[in-house]
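Asker:
In this note's numbering, the protein residues as written are 1186 to 1298.
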């Protein structure tokens, strides 16, 4: 597998989503971007599941940026749809949500010790 990140569906190990791109410009790039789009949506779904678990443990907590299907903070995580600026802001929002989840996990682990 090397240094290529991917997400695999737990219920079906034959389905995997690649979280990388070659960066090359060619005719097949449109198809490759669709696969990357699907991977980013799968990543958001995983992050949303973690957030839902956290919010079930502490109902007062909320994500900094709401996740809705392929949008985080109202911005599409798919690079094809919104252009570079929108995609960059959506990635930033997703990373801030991930940082929020990590901070909660750290404090929850420390509190339970």
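Built from N, CA and C at the ideal position, the CB exists for glycine as well. Just so it is clear, the structure is predicted and the values come from calculations on it, not from any experiment.
Checking the sheet assignment: what are the DSSP bridge partners for residue 1257?
Answerer: Counting from one through the chain shown, the residue named residue 1257 turns up at place 72. The partner list for residue 1257 (beta bridge, DSSP) reads 1252 and 1260.
Asker: Looking only at its own chain, which residues have a Cβ that is under 6 Å from the Cβ of residue 1258, when we skip the five neighbours before and after it?
Answerer: Numbered from 1 along the chain shown, position 73 holds the residue referred to as residue 1258. For residue 1258, where only same-chain residues beyond five positions count, the Cβ hits under 6 Å are 1250 and 1278.
Asker: Looking at C-beta atoms only, is the number of pairs between the region 1272-1291 and the region 1225-1242 that lie closer than 8 Å three or more?
Answerer: Contact between the region 1272-1291 and the region 1225-1242 is present, because at least three Cβ pairs lie under 8 Å.
Asker: What do you get for residue 1261, buried or exposed, if any count of 16 or more other CB atoms within 10 angstroms of its CB means buried?
Answerer: For the purposes of this step, residue 1261 is taken as residue 76 along the chain shown, with counting starting at 1. So residue 1261 counts as buried.
Asker: Applying the 10 Å Cβ sphere with the 16-neighbour rule, what's the burial state of residue 1270?
Answerer: Here residue 1270 refers to the residue found at position 85 when the chain shown is read from its first residue. Classification for residue 1270: exposed.
Asker: Can you tell me whether residue 1221 is buried or exposed? The criterion is at least 16 other CB atoms within 10 Å of its CB, across all chains shown.
Answerer: By 1-based counting over the chain shown, the position of residue 1221 is 36. The residue in question, residue 1221, is buried, as its Cβ has 16 or more Cβ neighbours within 10 Å.
Asker: What residue does the beta strand (DSSP E) around residue 1191 start on, and which one ends it?
Answerer: For the purposes of this step, residue 1191 is taken as residue 6 along the chain shown, with counting starting at 1. 1191-1194 is the span of the beta strand (DSSP E), which, as asked, contains residue 1191.
Asker: If you draw a straight line from the alpha carbon of residue 1285 to that of residue 1189, how long is it in whole angstroms?
Answerer: Numbered from 1 along the chain shown, position 100 holds the residue referred to as residue 1285. Numbered from 1 along the chain shown, position 4 holds the residue referred to as residue 1189. Residue 1285 and residue 1189: Cα-Cα distance of roughly 25 Å.
Asker: Candidates 1242, 1236 and 1201: which alpha carbon is nearest residue 1280's?
Answerer: Counted from its first residue, the chain shown places residue 1280 at position 95. For the residues 1242, 1236 and 1201, the minimum Cα distance to residue 1280 belongs to 1236.
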